[in-house]
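Each remark here refers to the structure printed beneath this line.
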Amino acid sequence: MSDDIHESEEAEEDSHQDESQNEIPQQELKEVDMHDFNFVAYNEDIAILGSKGSGKSYLANNLLQNLHGINVYVWDFNHQFHDSRSILFHDLDDMTKTIEEAGNHTIHCILQDYNKEEQQFRKFCKFAFNRGNCVLIIDEVHTYCTKQKIIKEYNDLILSGRPRGVSVISISSRPASLPNNVLSNASHVFSFKLNLESDCEFLESYMGSEVWQLMPVDKRKKMRDAQELEKHSFYYRNMDEDSGVIGKI
Ligand SMILES: Nc1ncnc2c1ncn2[C@@H]1O[C@H](COP(=O)(O)OP(=O)(O)OP(=O)(O)O)[C@@H](O)[C@H]1O
Ligand SMILES: [Mg+2]
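Numbering-wise, our numbering puts 116 at position 117 of the sequence shown, and it's gapless, one number per residue.
What follows is the structure, encoded as structure tokens:
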């Protein structure tokens, strides 16, 4: 576990500032690794959110590489995953066949399916639900479902996956358009930088006012005195705890 904490002079100054102006004092950036998050695979869900290019897939890749001895299947919509210990597939049927043949051996699969249609995504979700005991990483989940458009097979994973040992790591650049139960069922939420006020307001209702630090200073409604966050840093909350941390891997 890394406890390499960078304390900047500004952070020092912030602690002396009038907090009535700043509402919530700015937190220090904590350099973290995946072991800091106590993710319980097969039992908990994660949401990874943030604007385009903010670092979501990079973090998810890091997670994938650290899930030793765990079955992980990645729906890699935009070919953003690379892991020397994962098997790469371009066809869902090939992947499911290999997983079935692996029996009780754990396996990491990255699926960059040539077929990205909704029907294929449904089939991927259904396979994982029936199979059980796996962690799914679903990149660009907003491509398939929104608040207005619920995909039954994905929804089943979110609402009923846990008893079957299925964890879902949902990744999206449009947090406000995600079905509400994605956030309400996530035990761990990472949010990288945001650009849209609507996304920030939506996340604030789950994660608290600290999320305003994720917006550019000139677009913030709160925490205007807090410094602009470093590139690729995120605000993380274990949803069972009262507060979160600003971190970077
Ligand atoms: N912590 C980091 N350290 C160094 N480079 C990073 C880090 N996080 C992200 N990057 C780099 O920044 C770029 C964008 O990151 P990434 O692809 O993870 O963004 P994203 O949020 O998934 O974007 P998109 O929504 O477009 O998929 C990549 O080239 C990635 O390698
Ligand atoms: Mg990405």
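For glycine and all other residues, C-beta sits at the position ideal for the given N, C-alpha and C.
- Remark: the shortest separation between the CB of Ile248 and any heavy atom of ligand 1 falls under 7 Å.
- If you draw a 10 Å sphere on the C-beta of His34, you find fewer than 16 other C-beta atoms in it, and that means exposed.
- Per the Cβ contact rule, the stretch 227–242 is not in contact with the stretch 80–88 (fewer than 3 Cβ pairs under 8 Å).
- Beta-bridge pairing by DSSP links Trp74 to Leu110, Ile137.
- Residue state for Glu30 is assigned as strand, using DSSP reduced to three classes.
- Under the three-state reduction of DSSP output, Ser172 falls in the coil class, being neither helix nor strand.
- It is roughly 18 Å from the alpha-carbon of His67 to the alpha-carbon of Trp74.
- As a beta-bridge residue in DSSP terms, Ile47 pairs with Ile170, Phe189.
- A contact between stretches requires three or more CB pairs, one per stretch, nearer than 8 Å, and the stretch 100–112 fails this requirement with the stretch 162–170.
- The continuous beta strand (DSSP E) containing Asn237 extends over residues 233–237.
- The DSSP-derived three-state label of Lys230 is coil.
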